[in-house]
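Reviewing the structure listed below.
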Amino acid sequence: MYTKEIDYSFQTKTNRTALRQGFRDGIPIGLGYFAVSFSLGIVARNAGLSPFQGFLASALCSASAGEYAGFTLIAAMGTFLEIAVITFITNARYLLMSCALSQKADPALPLRHRLLTSFYITDELFAISIARPGFMNPYYTYGAILIASPCWAFGTALGVIAGNLMPLRLVSAFSVALYGMFLAVIIPAARKEKVIAGLILLSFSASFGAAYLPVISNLSDGTRTIILTVVISASAAILFPRKSEEERTQV
Amino acid sequence: MTTGQIYIYIFIMAAVSYAIRVLPMTLIRKPITNRFVQSFLYYVPYVTLAVMTFPAITEATQSPLAGLLALLAGVAAAWFGAGLFPVAVICCAVVFAAELIFL
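Quick mapping for you: the protein sequence lines, in order, are chains A and B.
Oh and the first sequence: position 190 is 190 in this note's numbering, straight run, nothing missing.
Oh and the second sequence: position 8 is 1008 in this note's numbering, straight run, nothing missing.
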């Protein structure tokens, strides 16, 4: 029900303002990305990637967990199929976020904006995009991408380069930044929901067991991650099915 | 491993990452209603991130104990509401301090 067509060209003042706001909100995100992608660059270096290859992977994938899993598989010389499956599994949450964002987009939003905004659906950009009232403005997203994406890509390249030059002690310290970020995503949810807290503890134990138990420890890191994720998440989905949106809002 | 192979790996990662993001945004205009699929997709990120964090964090550092301490500090910081960047910094600082003492 529109009184007038929404203008999705860059010429309008609203869109330029949105671009600026997105850029501003993207600055703290970019700083965080820089530190974390530096740590990711160390993983890329260990997998045998050059600084340019690290830059390219980060510019094209923009996914911390997905790239991390991919790099560990490259290091283990995994198969192409394995790398496709692990990328799918570790990025599965973006499938959910993309579904959510599709509900937030104006039905009249042109395809080119859908194609471009989808490219950078990450935990943080999803969070700031969904938090804005009304339909998603693609220019807001572009503003945030303009700062976040270069930080992520250059941080990775720098990690590959400096990982070689830095003292071992610093490499060791920086290499946990990525895990810190993973924890910052999962722990707040664990605090809110007992099921998630239980699942995280179970996942830690299962992953620890799988790394040292005979037979399963012979599988590659990536394959173990795929198996554990599918088995644990599917069991949880059967045992603790989520209430639908309507049921939750009715409570 | 050849350079060409690495570019193929990167290409596959990029193609899958983009497909996952772009398909729902362009194709799905209705919410997912299947409860199992919905619940499964909801749990996946937490499980996969947890699986990838431990015991890997203890293997990333020179001293496994430093990694373990970083895990505990990171969990505590995130539990008490620290954001992405602060938690990452705290983990790094703990490893640095711990390895100064242990190594």
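We put the CB at the ideal spot given by N, CA and C, even for glycine.
Taken in chain order, the complete alpha helix (DSSP H) segments of 4 residues or longer contained in the region 1025-1060 of chain B are 1035-1053, 1056-1060.
Annotation: Cβ neighbours of serine 172/A in chain B (cutoff 7 Å, chain order): Thr1061, Gln1062, Val1095, Glu1099. CA-to-CA, the gap between leucine 199/A and arginine 112/A works out to about 39 Å. With contact defined as three or more Cβ pairs closer than 8 Å, the region 211-227 of chain A and the region 1008-1021 of chain B are not in contact. The Cβ atoms of glycine 143/A and alanine 18/A lie closer than 8 Å to each other. Contact annotation: proline 1064/B and serine 102/A have beta-carbon atoms that are not nearer than 8 Å.
Where leucine 1065/B is concerned, the enclosing alpha helix (DSSP H) starts and stops at 1064-1079. With a threshold of 16 other beta carbon atoms within 10 Å, methionine 1052/B meets it and is buried.
Counting the other Cβ atoms within 10 Å of the Cβ of threonine 79/A gives fewer than 16, which makes it exposed. For alanine 108/A, the three-state secondary structure derived from DSSP is coil.
Interface with chain A (8 Å Cβ-Cβ cutoff): leucine 1068/B is excluded.
Residue-level contact check: glycine 1074/B touches chain A, since one or more beta carbons of chain A fall below 8 Å from its beta carbon. Taking 8 Å as the CB threshold, proline 241/A lines the interface with chain B.
Around the beta-carbon of valine 231/A, fewer than 16 other beta-carbon atoms lie within 10 Å, marking it exposed. For proline 51/A, same chain residues with a beta-carbon under 6 Å away, outside a window of 5 residues either side, are Ala157, Val160, Ile161 in chain order.
Three or more beta-carbon pairs drawn from the region 29-48 of chain A and the region 165-176 of chain A are found closer than 8 Å, and the two stretches are therefore classed as touching. Around the C-beta of glycine 32/A, 16 or more other C-beta atoms lie within 10 Å, and the residue is accordingly described as buried. Residue-level contact by beta carbon holds for glycine 1083/B and chain A, with a gap shorter than 8 Å.
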